[in-house]
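One line per chain: the protein sequences are A and B, in this order.
Numbered according to my numbering, the first sequence terminates at residue 495, and the numbering increases by one at each position without gaps.
Numbered according to my numbering, the second sequence terminates at residue 1003, and the numbering increases by one at each position without gaps.
Each residue gets a CB set at the ideal place from its N, CA and C atoms; glycine is no exception.
No experiment lies behind these values; they were computed from the predicted model shown.
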Amino acid sequence: MLEPISIDIAGLNLQALLPMAILTIGALALICVDLAVKGLNRSFLTMITILFIVLDFGAVIGYKGDVRGFFDVLLIDGISLIAQVIILVASALFLPLSMSHRHFREFKMAEFYALFMFMIVGFQCMVTSDNLILIFIGLETSSLALYTLIALHNRAKAFEAAIKYFTMGALAAGFYGMSALIFYALTGSVEIHQIEQVLQERHFEPLVGVLAATIFMVAALGFKLSLVPSHTWTPDVYEGSSAPLAGYMSIVPKIAGFVVAMRLFEMLVASGVVWLEYVLYAAVVLTMTLANITALVQEDVKRMLAFSSISHAGSMMAAILIGTTQANTALFVYWIFFLFTNLGAFTMLWIVRHRENLWDERYQHPYTKFSGLVKIMPMTATIMGIFMFALAGMPPFSVFWGKLYLISAAINSDYIWLAVVIALNSAVAVYYYMKLVVYMFLHEPVTIDARLYATNASTSLKVIVGFAAIVTIFSIAFVEPLLQVITHYVASSGF
Amino acid sequence: MEHILSLLVFFPAMAGLLGFLVVKESIRAYGICVSAIEFVLSLILWMVFDTSNPGYQFVEFFPFVPSYGMNYYLGVDGISLFLIILSTFITMIALIGLSIEKEIKNLVITVLFLEMTMVGVFVILDVVWFYAFWELSLIPMLYIIGAWGSANRMYAAIKFFLYTFSGSVLMLVGILYMGYLYHDATGIWSFALPDWYALQVPFDAQLWLFGAFFVGFAIKVPMFPFHTWLPYAHGQAPTIGSVILAAVLLKMGSYGFVRFSLPLFPDASVYFLIPVAIICIIMVIYAAMIAYAQEDMKQVIAYSSISHMGIVILGTFAMNGEGITGSIFLMLSHGIVSGALFMLVGVIYDRRHTKMMKDFGGLASVMPNFATIYGIMLMASVGLPLTVGFVGEFLSLAGFYRINWVMTLLAGTGIILGAVYMLVLYKKSFFGEVVHVENKTLKDLNAKELSALIPLVALVAILGIYPKPILTTIDASVEKMLVLMDQKALQDKTKELLMKANTIGGNH
Chain A
1 MLEPISIDIA GLNLQALLPM AILTIGALAL ICVDLAVKGL NRSFLTMITI LFIVLDFGAV
61 IGYKGDVRGF FDVLLIDGIS LIAQVIILVA SALFLPLSMS HRHFREFKMA EFYALFMFMI
121 VGFQCMVTSD NLILIFIGLE TSSLALYTLI ALHNRAKAFE AAIKYFTMGA LAAGFYGMSA
181 LIFYALTGSV EIHQIEQVLQ ERHFEPLVGV LAATIFMVAA LGFKLSLVPS HTWTPDVYEG
241 SSAPLAGYMS IVPKIAGFVV AMRLFEMLVA SGVVWLEYVL YAAVVLTMTL ANITALVQED
301 VKRMLAFSSI SHAGSMMAAI LIGTTQANTA LFVYWIFFLF TNLGAFTMLW IVRHRENLWD
361 ERYQHPYTKF SGLVKIMPMT ATIMGIFMFA LAGMPPFSVF WGKLYLISAA INSDYIWLAV
421 VIALNSAVAV YYYMKLVVYM FLHEPVTIDA RLYATNASTS LKVIVGFAAI VTIFSIAFVE
481 PLLQVITHYV ASSGF
Chain B
496 MEHILSLLVF FPAMAGLLGF LVVKESIRAY GICVSAIEFV LSLILWMVFD TSNPGYQFVE
556 FFPFVPSYGM NYYLGVDGIS LFLIILSTFI TMIALIGLSI EKEIKNLVIT VLFLEMTMVG
616 VFVILDVVWF YAFWELSLIP MLYIIGAWGS ANRMYAAIKF FLYTFSGSVL MLVGILYMGY
676 LYHDATGIWS FALPDWYALQ VPFDAQLWLF GAFFVGFAIK VPMFPFHTWL PYAHGQAPTI
736 GSVILAAVLL KMGSYGFVRF SLPLFPDASV YFLIPVAIIC IIMVIYAAMI AYAQEDMKQV
796 IAYSSISHMG IVILGTFAMN GEGITGSIFL MLSHGIVSGA LFMLVGVIYD RRHTKMMKDF
856 GGLASVMPNF ATIYGIMLMA SVGLPLTVGF VGEFLSLAGF YRINWVMTLL AGTGIILGAV
916 YMLVLYKKSF FGEVVHVENK TLKDLNAKEL SALIPLVALV AILGIYPKPI LTTIDASVEK
976 MLVLMDQKAL QDKTKELLMK ANTIGGNH
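This is the structure:
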């Protein structure tokens, strides 16, 4: 006979659900409003969504409750708070890009914004749980919403991108399911901390089972984080999506994936099962190096940025491999700076978007498009140049400080060769970033019509670019506060 | 006077930003004024500089990222003082002699930003910020070579950038490893150079760290076999780019050796002394031989730069007062002389649009003033006594003589070879009959060019005859550094060599 279950409502810590609840209610409300009122303007939809994100943000930073909540499946620790803040800030900054000068069909539909909010809820579930099932639900919610958002762009390339992403994502979901299943079979639990406990008591026996589960998990998360060799979808999907969404995809799903990877892999790397460290080491080095080398030969700026974001994800995995508090802090600092710089770079692509492919039959943003831009639009070219040098890790711009702290973390944990590989990779990376700068500053312009480059510019886009540029240039002022806050939160959650 | 160093670093950058608002027609005058003010500021720095104090002066300290030991830390001593003045002086001269019309506004603003990074490299005492200025100096130069250079400019600019950047990322790993060692030893994070000076680095770590820093500095100097970017960059760069590149940017590398490699890693420096000296001798002789084989006037001077930088590095690794002081003085004199020579090549290139020696001949009769100044600079470059080039070369070689006389002798042949290729250049271009009709109507130096070149000629003579005020100031700081090296040395071999290098037969 089953024991009667009695639950104290206070013990559920429902407050922990509040951030996700706000956006879910927001999304449902938006759908209802759209049913009642036809033809709502995109400015209304954008701002209402941002307001819900702001409310959510307030709920996240104002959270003062237990670490555990809702039948103990929620885990609101330091890293989940930081990750949620990053997710929400990035979402709020990418959303105003919908208000471009030209009108796009997807931004007129309330469904876009509702799906966008559901997607954020999914990401939040991923980072605030150490329950493999809830993580899976979050992963699928966000992914399914994201596939649809890509397809809403309504171009042949966008459909191709959405289907490609969907197929790959389905495969990854399968791998994830297999891995969770094996972990459950081995330990009788789907909670990461209990899995860890049981495995440690048994000294990670049977090794074959742990091996299989880990390999499936590496494959599943590898797809999400676009690690080599499961990175092939990334450039095509970025190319097919609109620039704001591509930029968003290079930041937010990855930070959610990193948090999951951090929770899982650091437990496994710390287990002393040597081969896992080798597997991760190889994945990190290959991801950084191969993505960089492939980026060298790209002819399209958006594809170049796609490969470069794979390479940046590789350096982030290096942080997870190292696994010290300093490395995990470096991961978040790096990603916050990367957020602003990449936001700027993709927004610039959005601004210079033109209806037709005037410069190349195949690509929307070939390098030749930017020839001599400094002579046509000096300010645009200078800002884009700063974003490129910042992404390349030139001091004193944003990403450099993240990279500096990451290399330092590698050295402090005796991963000297890893540090050298990261450093050499940034020397390779500077070449393809510089290629765009060379086109902009040193080549002669192909056209002198400045209007061709500003067909999509609007005030809200310019504000976002200005904001990103200011953060990128004056990033040094944020290093100290960021380091202190993030180190505190990371250390307090035991990473 | 409290914040004179910050002012020196950021004044050109502020002026550069404001320069966006100045109209194109006045921008050249604006650039000259700004660089003149900056030069006067650096002279004021020299006037108020206390020559009896060998330590850092006008120190500014502001903890920027205290939890990770990164500070805004400025200071100047005898070693860096004159390199700062050289940077501001050469920038001013280069702007006065500027003859480019195309996109001049962008050019002047870029040069002003470049000036910030150059002064920054020499005054900064925090190593992470040093790295930041070091890297930032590449971007303006990339733009100057790539946008205003000749036909193959983009290739040259990218090659320059990639070479130097790749070298310096390894240096970054070295810097962070050094920070880790400091943290390991003391429990606090610090990237301040004076703090690092106090740390004794284990011998094995010294070898690796020396290597990491060496790659960064050697590419910048440039040392054989990393020198291949330099002739290309010079060949394609506009005159102002070549002048600043040869006069100041190369000195960043040799300054790095004096400031970082020697005092931080004394044992490794001694351990690698002979290999480095061999590279220097190869640079001196090999580059001189290539210079002889060139037909392009600018290439001759570019290769002669490599040859002279060989002697600079040799003097630095002499590990004694004469050698190091001499090598720093040689950096200054090479800055003045090579800057002037590149500017003279620019003068003739503006008139004839060729740099080939075969297109000239008999210029002495057509352009007497030009030929005279060219001759003086040539003599200074060769190292004729009583010119500025002699002092530094003599002291560097005299310093290294105590380490190894055979090698000194070999390096000394560089002076003879230098005389050969320079005099051949002079003979081919300036003497003989005027064979080409176009050359008969060439105009002599105009007022603008004279006002840029005469100060350089004056310096060549004055510093050649009376270098003492500069030498004593440099020497005080160098002696302090040598004492530090001796105190820090871990191995007996190092102490013995320092003793041998600094004494004659056991006596000071």
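Identify whether E928(B) lies in helix, strand or coil by the three-state DSSP scheme. Start at 1 with the first residue of the second sequence, and residue 928(B) comes out as number 433. In the structure shown, E928(B) sits in coil (DSSP, three-state: anything other than H, G, I, E or B).
Nearest-angstrom Cβ-Cβ length linking S241(A) and I150(A), presumed shorter than 8 Å: Residue mapping note: residue 241(A) aligns to position 241 of the first sequence, counting from 1. Residue mapping note: residue 150(A) aligns to position 150 of the first sequence, counting from 1. Indeed, because the Cβ distance is near 5 Å, the residues count as touching under 8 Å.
Within 10 angstroms of its Cβ, does G1001(B) collect 16 or more other Cβ (buried), or is it exposed? Taking the second sequence and counting its residues from 1, the one referred to as residue 1001(B) is at position 506. Note that G1001(B) scores 47 on pLDDT, short of 50, meaning its location in the model is unreliable and no value can be drawn from it.
Indicate whether G878(B) and G884(B) have their beta-carbon atoms separated by less than 8 Å. Along the second sequence, one-based indexing puts residue 878(B) at 383. Along the second sequence, one-based indexing puts residue 884(B) at 389. For G878(B) and G884(B), yes; Cβs fall inside 8 Å.
List, in chain order, every chain B residue whose beta-carbon is nearer than 9 Å to that of L483(A). For this step, residue 483(A) is matched to residue 483 along the first sequence. Those are V560, S562 and Y563, listed as they occur along chain B.
Output the boundary residues of the beta strand (DSSP E) element that contains L569(B). Reading the second sequence from its first residue, position 74 is the one you call residue 569(B). Unbroken beta strand (DSSP E) run through L569(B): M565 to V571.
Between the CA atoms of S308(A) and G393(A) - distance to the nearest angstrom: For the purposes of this step, residue 393(A) is taken as residue 393 along the first sequence, with counting starting at 1. For the purposes of this step, residue 308(A) is taken as residue 308 along the first sequence, with counting starting at 1. Taking the straight line from one Cα to the other gives about 12 Å.
Within 7 Å of chain B by C-beta, residues of the region 418 to 449 of chain A in sequence order: A419, V420, A423, L424, S426, A427, V430, Y431, M434, V438, F441 and L442
Please confirm whether any heavy atom of the ligand GTP lies closer than 7 Å to the CB of I50(A). Summarising the ligand content, the structure contains no ligands, and the ligand GTP is consequently not present.
Taking only beta-carbon positions, decide if I411(A) is within less than 8 Å of chain B. In the first sequence, the residue the question calls residue 411(A) occupies position 411. Closer than 8 Å: yes.
With respect to the alpha helix (DSSP H) encompassing I555(B), which residues constitute its N-terminal and C-terminal limits? Numbered from its first residue, the second sequence carries residue 555(B) at position 60. A quick correction: the sequence has Glu, not Ile, at residue 555(B). Per DSSP, E555(B) belongs to no alpha helix (DSSP H); it is in the beta strand (DSSP E), Q552 to V560.
Kindly list, in the order they appear in chain B, the residues whose Cβ is closer than 9 Å to that of E480(A). Residue mapping note: residue 480(A) aligns to position 480 of the first sequence, counting from 1. P558, F559, V560, P561, S562, Y563 and M565, listed in chain order.
Closer than 7 Å, Cβ to Cβ, to anything on chain A: give me those residues from the region 654 to 680 of chain B, in chain order. F656, L657, F660, S661, V664, L665, L667, V668, L671, Y672, G674 and Y675
Ordered list of alpha helix (DSSP H) runs contained in the region 854 to 941 of chain B, each at least 4 residues: 858 to 861, 863 to 877, 883 to 896 and 900 to 925
Hey, how far is the Cα of Y675(B) from the Cα of Y692(B)? By 1-based counting over the second sequence, the position of residue 675(B) is 180. By 1-based counting over the second sequence, the position of residue 692(B) is 197. Cα to Cα, the separation comes out at about 14 Å.
Cut-off 8 Å between Cβ atoms - residues of its own chain near L171(A), not counting five sequence neighbours on either side: As a first step, residue 171(A) must be located in the first sequence, where it is residue number 171. For L171(A), where only same-chain residues beyond five positions count, the Cβ hits under 8 Å are F223.
Is the CB of K995(B) under 8 Å away from at least one CB in chain A? Locating residue 995(B) in the second sequence gives position 500, counting from the first residue. No, its Cβ sits nowhere closer than 8 Å to a Cβ of chain A.
For a cutoff of 8 Å on Cβ pairs, would you count H1003(B) as touching chain A? Along the second sequence, one-based indexing puts residue 1003(B) at 508. In this prediction, H1003(B) scores a pLDDT of 49, lower than 50, which makes its location untrustworthy; the coordinate-derived value is nonetheless stated afterwards. No, its Cβ sits nowhere closer than 8 Å to a Cβ of chain A.
Who are the neighbours of M649(B) on chain A, taking C-beta pairs under 9 Å? Within the second sequence, residue 649(B) is the residue found at index 154, counting from 1. Neighbours of M649(B) on chain A, chain order: V438, L442 and H443.
Neighbour-count burial assignment, E444(A), 16 or more Cβ in a 10 Å radius: Your numbering for residue 444(A) matches position 444 in the first sequence. With fewer than 16 Cβ atoms within 10 Å of its Cβ, E444(A) is classed as exposed.
Under 8 Å: do the region 99 to 116 of chain A and the region 30 to 47 of chain A share three or more Cβ pairs, one atom per stretch? yes
Strictly below 8 Å CB to CB, what residues from chain A border A642(B)? Taking the second sequence and counting its residues from 1, one reaches residue 642(B) at position 147. Under the 8 Å cutoff, chain A gives F441 and L442.
Tell me whether G177(A) sits in a helix, a strand or coil according to DSSP, three-state version. Position 177 of the first sequence, counted from the first residue, corresponds to residue 177(A). Helix at G177(A).
Report the rounded CA-to-CA distance for Y367(A) versus L825(B), giving the unit in angstroms. As a working mapping, residue 367(A) is identified with position 367 in the first sequence. As a working mapping, residue 825(B) is identified with position 330 in the second sequence. In a straight line, the C-alpha of Y367(A) is about 44 Å away from that of L825(B).
Keeping to the same chain, check which residues put their C-beta closer than 7 Å to that of A491(A); ignore five residues upstream and five downstream. Within the first sequence, the letter at position 491 stands for residue 491(A). Excluding positions up to five away in sequence, the list reads T325.
Give a yes or no on whether 8 Å exceeds the smallest Cβ distance from E928(B) to chain A. Residue numbering aside, residue 928(B) sits at position 433 when the second sequence is read from its first letter. Judged by the 8 Å Cβ criterion, E928(B) is not in contact with chain A.
How many Å lie between H1003(B) and T989(B) at the Cα? Indexing the second sequence from 1 puts residue 1003(B) at position 508. Indexing the second sequence from 1 puts residue 989(B) at position 494. Unreliable placement is indicated for H1003(B), whose pLDDT of 49 sits below 50; no coordinate value is reported for it.
With distances taken between CB atoms, is the gap from M980(B) to L757(B) smaller than 8 Å? Counted from its first residue, the second sequence places residue 980(B) at position 485. Counted from its first residue, the second sequence places residue 757(B) at position 262. Result yes, Cβ atoms of M980(B) and L757(B) sit closer than 8 Å.
With 8 Å as the threshold, decide whether the Cβ of A408(A) is near any Cβ in chain B. As a first step, residue 408(A) is located in the first sequence; it is residue number 408 there, counting from the start. One detail in the question is off: residue 408(A) reads as Ser in this sequence, not Ala. For S408(A), the answer is yes, since a Cβ of chain B falls inside 8 Å of its Cβ.
Counting only Cβ pairs nearer than 9 Å, list the residues of chain B close to L267(A). For this step, residue 267(A) is matched to residue 267 along the first sequence. Checking the displayed sequence, the identity of residue 267(A) turns out to be Met instead of Leu. Within chain B, no residue comes near M267(A); the closest Cβ sits about 26 Å away, beyond 9 Å.
Assuming contact is defined by CB atoms lying nearer than 8 Å, are S924(B) and L836(B) in contact in what I supplied? Looking up residue 924(B) in the second sequence gives position 429. Looking up residue 836(B) in the second sequence gives position 341. In this structure, L836(B) does not lie closer than 8 Å to S924(B) by Cβ.
Would you check if the region 593 to 602 of chain B and the region 847 to 854 of chain B touch, i.e. whether three or more CB-CB distances between them fall below 8 Å? no
Specify whether the region 639 to 647 of chain B and the region 663 to 683 of chain B touch according to this definition: at least 3 beta carbon pairs, one from each stretch, less than 8 Å apart. no
Suppose you measure from the CA of E974(B) to the CA of L993(B); what does that come to, to the nearest Å? Mapped onto the second sequence, residue 974(B) falls at position 479. Mapped onto the second sequence, residue 993(B) falls at position 498. Cα to Cα, E974(B) sits roughly 12 Å from L993(B).
To which residues of the same chain is I495(A) closer than 7 Å at the C-beta, ignoring the five residues directly before and after it? Here residue 495(A) refers to the residue found at position 495 of the first sequence. In the sequence as displayed, the identity of residue 495(A) is Phe instead of Ile. Closer than 7 Å at Cβ, skipping near neighbours: I79, M262, E266, T325 and N328.
Buried or exposed: R451(A), going by 16 or more other Cβ atoms within 10 Å of its Cβ? Counting from one through the first sequence, the residue named residue 451(A) turns up at place 451. With fewer than 16 other Cβ atoms within 10 Å, it is exposed.
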